[in-house]
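**Student:** Quick one: structure below, then a few questions.
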DNA sequence: TCATAATACCTCAATATTCTAGGTAGGTGA
DNA sequence: TCACCTACCTAGAATATTGAGGTATTATGA
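Chains as they are written, first to last, in full-length UniProt numbering: chain A, 1 to 110; chain B, 1 to 110.
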């Protein structure tokens, strides 16, 4: 697991990115991030649900309920057109951020 | 400038790294980060000074005053041995974090 | 001379995100 | 029946950052 503060702010980027692949529900997103990151990103439900609600309010994602024959109903989320373009922005911001950070922390081992 | 939240948690890493090059004072660190990052990391004094105090309390850095013939005295910081080893940890954490993030956000453009 | 700006330190309230710890409810298996 | 998993949720505490303010010294230019 990473430092809590370091990871702050990357949740929305990850959620939007995963939703470009397929519609997903909250509980699924938690498990998916955990699995795909080899347990490095163990985002908690207490973090994800409020984050989803904010993204929905911003109209970057939208939701629909799907009843299950087995188990509780699921609230699926799908990314909107606006969400897609915000994702593009966030993604390029991420790459710029990494580039700047790397140039700053790379040891001057001459 | 980057998103406020994305950058959270990288301040201590940057401070420790810069101090491996030479001892610096707070005001200098602010300007230095701004310059080196092409104005992408405009860390504010209200962020840096408390961050320095925390690092000092953790004994990752230590300070000494230096009077100037011109202008106000400067509080210089130097990295400690413990700070150096924490920096190593934080640096490798950073690289792991970037790797995991990249593997998650890289579009599956097959 | 006097006002302004730069240097150099500092604190505090507001904001945003995350986590911990709880809660509700449906369904499964021993 | 009881424990567990699925699946949703919220509230309070902790943390980092920022904006806005403060103090003090020195330099600059009108």
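Glycine residues also receive a C-beta, built at the ideal position from the N, C-alpha and C atoms.
Using the beta-carbon of each residue, which ones in chain A are nearer than 9 Å to residue 6 of chain B?
**Tutor:** Going along chain A in sequence order, the residues near residue 6 of chain B (Cβ under 9 Å) are 8, 9, 10, 13, 90, 93, 94, 97.
**Student:** Quick one, which residues of the region 24-49 of chain B are near chain A if we go by CB-CB under 8 Å, in chain order?
**Tutor:** Answer in chain order: 33, 36, 37, 38, 40, 41.
**Student:** Of all the CB atoms in chain B, is at least one closer than 7 Å to the CB of residue 61 of chain A?
**Tutor:** By this cut-off, residue 61 of chain A is not an interface position.
**Student:** Where DSSP assigns a beta bridge to residue 24 of chain A, which residues make up the other side?
**Tutor:** In DSSP, residue 24 of chain A forms a bridge with A:77.
**Student:** For residue 109 of chain B, count neighbouring C-beta atoms within 10 Å of its own C-beta (all shown protein chains included) and say buried if the count is 16 or more, exposed if not.
**Tutor:** Note that residue 109 of chain B scores a pLDDT of 49, beneath 50, so its modelled location is shaky; the value from the coordinates is reported in the next line. It is exposed - the Cβ of residue 109 of chain B has fewer than 16 other Cβ atoms within 10 Å.
**Student:** Reducing DSSP to helix, strand and coil, say where residue 61 of chain B ends up.
**Tutor:** The answer is strand: DSSP assigns residue 61 of chain B an E or B state.
**Student:** Using 7 Å as the limit for Cβ to Cβ distance, is residue 105 of chain B near chain A?
**Tutor:** Yes, contact with chain A.
**Student:** I think residue 51 of chain B touches residue 81 of chain B, with their Cβ atoms under 8 Å apart; what is that distance to the nearest whole Å?
**Tutor:** Wrong, their Cβ atoms sit about 20 Å apart, outside the cutoff.
**Student:** Any Cβ of chain A within less than 7 Å of the Cβ of residue 109 of chain B?
**Tutor:** Caution applies to residue 109 of chain B, whose pLDDT of 49 falls short of 50 and renders its modelled position unreliable; the model cannot decide the point.
**Student:** Tell me the rounded alpha-carbon separation between residue 73 of chain B and residue 75 of chain A.
**Tutor:** Residue 73 of chain B and residue 75 of chain A: Cα-Cα distance of roughly 60 Å.
**Student:** For residue 17 of chain B and chain A, any beta-carbon pair shorter than 7 Å?
**Tutor:** Closer than 7 Å: yes.
**Student:** CA-CA distance, residue 87 of chain A and residue 71 of chain B?
**Tutor:** One C-alpha to the other measures close to 47 Å.
**Student:** Answer yes or no: does any C-beta atom of chain A fall closer than 7 Å to that of residue 78 of chain B?
**Tutor:** Closer than 7 Å: no.
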